[in-house]
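For what it's worth, this note's numbering labels the leading residue of the sequence shown as 3, then goes sequentially. Just below is one structure, and these are the notes that go with it.
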Amino acid sequence: MLLVYWLLYRKLVYSIIDPLAIFVFTTAFASVLVIEAVPEQRDIWHFFACQFGLWLGIAGVYHIKKGTSLMNSGDSNLFQFDNITLLKWSTYVLLSIYVLSNLIVANTKGFALLSDAPSESRVTNFQAGFGVFQKINWGVGTFVSTSLIFLYLYTLKRIYLYPLFIVILFTALDGSKSSLLRIVIAAGFVFYHPAFAQKREFAKKLQKFIPIALTGIMGIFFTVLLKENDGLDGAALAFIRRLLYTADTVLYFYTPQNLDYFATFSPWSYIDRLTNPILGFLRIQPYQEALGNIMVENVMPPNTTVDVIVGPNTPFYIEGRIYFGFLGAFVYSILIGYVCGFIRLYYFSIMRSSAFFLVLVGSFCQFANKIVSDINLAITQSFDMFFFVVPVFVLTSFLLKDRLTIGKIRFWKPSL
3 MLLVYWLLYR KLVYSIIDPL AIFVFTTAFA SVLVIEAVPE QRDIWHFFAC
53 QFGLWLGIAG VYHIKKGTSL MNSGDSNLFQ FDNITLLKWS TYVLLSIYVL
103 SNLIVANTKG FALLSDAPSE SRVTNFQAGF GVFQKINWGV GTFVSTSLIF
153 LYLYTLKRIY LYPLFIVILF TALDGSKSSL LRIVIAAGFV FYHPAFAQKR
203 EFAKKLQKFI PIALTGIMGI FFTVLLKEND GLDGAALAFI RRLLYTADTV
253 LYFYTPQNLD YFATFSPWSY IDRLTNPILG FLRIQPYQEA LGNIMVENVM
303 PPNTTVDVIV GPNTPFYIEG RIYFGFLGAF VYSILIGYVC GFIRLYYFSI
353 MRSSAFFLVL VGSFCQFANK IVSDINLAIT QSFDMFFFVV PVFVLTSFLL
403 KDRLTIGKIR FWKPSL
């Protein structure tokens, strides 16, 4: 299965740390699970049809726009990113907000990684009015890490590595098994932009840090697994299960209870759910429970109560079937693939812009890649980033330059 998927996607990924490459690896495991665990043959074929539809969408964008050549070639003289100073100071302000947010949560609730149940603490730490701090970690943390990596590669000044280490530390302590992988993915998006093609030789100097990075990622991964499972055998089994990525959803969705429950959903339900993360944040409507949590609740024995339910994400092939039906899910998969591919290709095609805009789009790309695993989560995290990051940039721009430039339009600071 891995060979089949790799042959399909090998020209569309830029590195082994590309989220698309990670998707290929985990989807191979997911495909085996679907074959073994899903009882109906038509549902198995439906899964593979949707996977093919997703590939059609992504590959179609790259074929139309000649995307692979854009990503793999780069003359640094063709690229120009201005207002580096403005990006630097905006990043420092956002870094201060990020650090303060994490210190408040740590002082009140403690670091999730140091608790007895890190995965559960990741949820409970941000309940009872603390959700805004989680949004800061998602949006601001991603932008700041991406920006610091860009500033380091662009200037090759070590001063940007020190605050990056602070972000890495707080990211490691948030309780997620794959927390540090987010930093690696951010580095990949910056480093493999064609603007840095002529600095690829610099990568050889960073290779000595690869064992340290892998040790850190796997160390946190197994720290969480060992705390939440009985012994090494339980942790090893949980590690294998983690390689399924979002495919554990199939263990819940294809049960009679959930198939009957979600049969009442329609395209109008999809629109309502897409807008809910934004409207919920603005308190215009209450937040809707995640689909994965609902699936888990539906299969729980009667009269069972638990304090926290951490359900799986809902991947594109199940989302499509829930909202658009058995056949509509294939079309939905193509559209999801096209949107994902278009956003990725747009980022790698940026040649002249402000440094802030490049970093903003690169950060957005990291969230946009998640639309294949859970579009609601992708929208939530993207909105959080824009909500917190853009106002800080606008304020910093007015303070430093008395104006804000967006494209060819300039907005001047009003006189007091």
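Think of the CB as a built atom: it goes at the ideal place given N, C-alpha and C, for glycine as much as any other residue. Computed from a predicted model, the values in this text were never measured in an experiment.
In DSSP terms, what residue i is bridged to
i: Phe82; result: The sequence as given places Gln at residue 82; Phe does not occur at that position. Partner(s): Arg354.
Beta-carbon contacts of residue i that lie in its chain and below 7 Å, excluding the five residues immediately before and after
i: Leu253; result: Ala39
i: Leu80; result: Met353
i: Asp45; result: Tyr256
i: Pro279; result: Asn378, Ile381, Thr382, Phe385
i: Val394; result: Ser92, Val95, Leu96
i: Phe135; result: Ser103, Ile106, Val107, Phe128
i: Ile19; result: Val186, Ile187, Gly190
i: Val298; result: Tyr254, Ile311, Gly313
i: Leu281; result: Gln287
i: Tyr7; result: Val26, Thr29, Ala30
Residues of its chain near residue i, where Cβ-Cβ distance is below 6 Å and the 5 sequence neighbours each way are ignored
i: Ile86; result: Ala357
i: Leu97; result: Val146, Pro165
i: Trp57; result: Leu10
i: Tyr334; result: Gly322, Phe326
Helix, strand or coil at residue i [DSSP, three-state]
i: Ser149; result: helix
i: Ala265; result: coil
i: Gln468; result: Residue numbering for the chain in the displayed model covers 3 to 418; residue 468 lies beyond these limits and cannot be assessed.
i: Pro258; result: helix
i: Ser384; result: helix
i: Arg188; result: Note that residue 188 is Ala in the sequence shown here, rather than Arg. In the structure shown, Ala188 sits in a helix (DSSP, three-state: H, G or I).
i: Arg12; result: coil
i: Val40; result: coil
i: Gly364; result: helix
i: Pro314; result: coil
i: Met3; result: coil
i: His195; result: coil
i: Asn109; result: helix
i: Leu345; result: Reading the sequence as shown, one finds Ile at residue 345 and not Leu. Reduced to three states, the DSSP call for Ile345 is helix.
i: Ser33; result: helix
i: Asn139; result: helix
i: Ala61; result: helix
i: Gly409; result: Because Gly409 sits at a pLDDT of 47, beneath the cut-off of 50, its placement in the model cannot be relied upon, and the following sentence gives the value as read from the coordinates. DSSP places Gly409 in coil when its eight states are reduced to three.
i: Ile161; result: helix
i: Asn305; result: coil
Sequence-distant residues of its chain with Cβ nearer than 8 Å to residue i (five each side left out)
i: Tyr64; result: Lys13, Leu14, Thr70, Gly343, Leu347
i: Thr398; result: Leu88, Trp91, Ser92, Val95
i: Tyr100; result: Ile138, Asn139, Val142, Gly143, Val146, Val169, Phe172
i: Leu4; result: Val26, Phe27, Ala30
i: Thr251; result: Gly294, Met297, Pro314, Asn315, Thr316, Pro317, Ile320
i: Leu276; result: Ile377, Asn378, Ile381
i: Phe267; result: Ile324, Tyr325
i: Pro41; result: Tyr256
i: Thr157; result: Ile86
Exposed unless 16 or more other CB atoms sit within 10 angstroms - verdict on residue i
i: Ile66; result: exposed
i: Pro262; result: Reading off the sequence shown, one finds Asp at residue 262, where the question assumed Pro. Exposed.
i: Asn305; result: exposed
i: Phe191; result: buried
i: Leu1; result: Here the chain has residues from 3 to 418 only, and residue 1 is not among them.
i: Ser33; result: buried
i: Met387; result: buried
i: Tyr321; result: Checking the displayed sequence, the identity of residue 321 turns out to be Glu instead of Tyr. Answer is buried; the Cβ neighbour count reaches 16.
i: Ala370; result: buried
i: Ile338; result: buried
i: Ile286; result: exposed
i: Pro288; result: exposed
i: Ile37; result: exposed
i: Leu182; result: buried
i: Thr148; result: buried
i: Arg160; result: exposed
i: Gln53; result: buried
i: Ser351; result: exposed
i: Ala265; result: exposed
i: Pro21; result: buried
i: Ile151; result: buried
i: Leu402; result: exposed
i: Phe419; result: Since the first residue shown for the chain is 3 and the last is 418, residue 419 is missing from the structure and cannot be characterised.
Supposed close pair residue i, residue j - CB separation, criterion 8 Å
i: Tyr349; j: Val363; result: 5 Å
i: Ile373; j: Gly59; result: Wrong, their Cβ atoms sit about 11 Å apart, outside the cutoff.
i: Ala197; j: Gln368; result: Contact flag wrong, Cβ pair sits at about 17 Å.
i: Gln259; j: Asn300; result: 4 Å
i: Leu360; j: Phe83; result: 5 Å
i: Phe328; j: His48; result: 6 Å
i: Phe62; j: Phe332; result: Note that residue 62 is Gly in the sequence shown, not Phe. Not really, about 14 Å apart at Cβ, beyond 8 Å.
Short CB-CB distance (under 8 Å) between residue i and chain D
i: Leu362; result: Note that chain D does not occur in the displayed structure, where there is just one protein chain.
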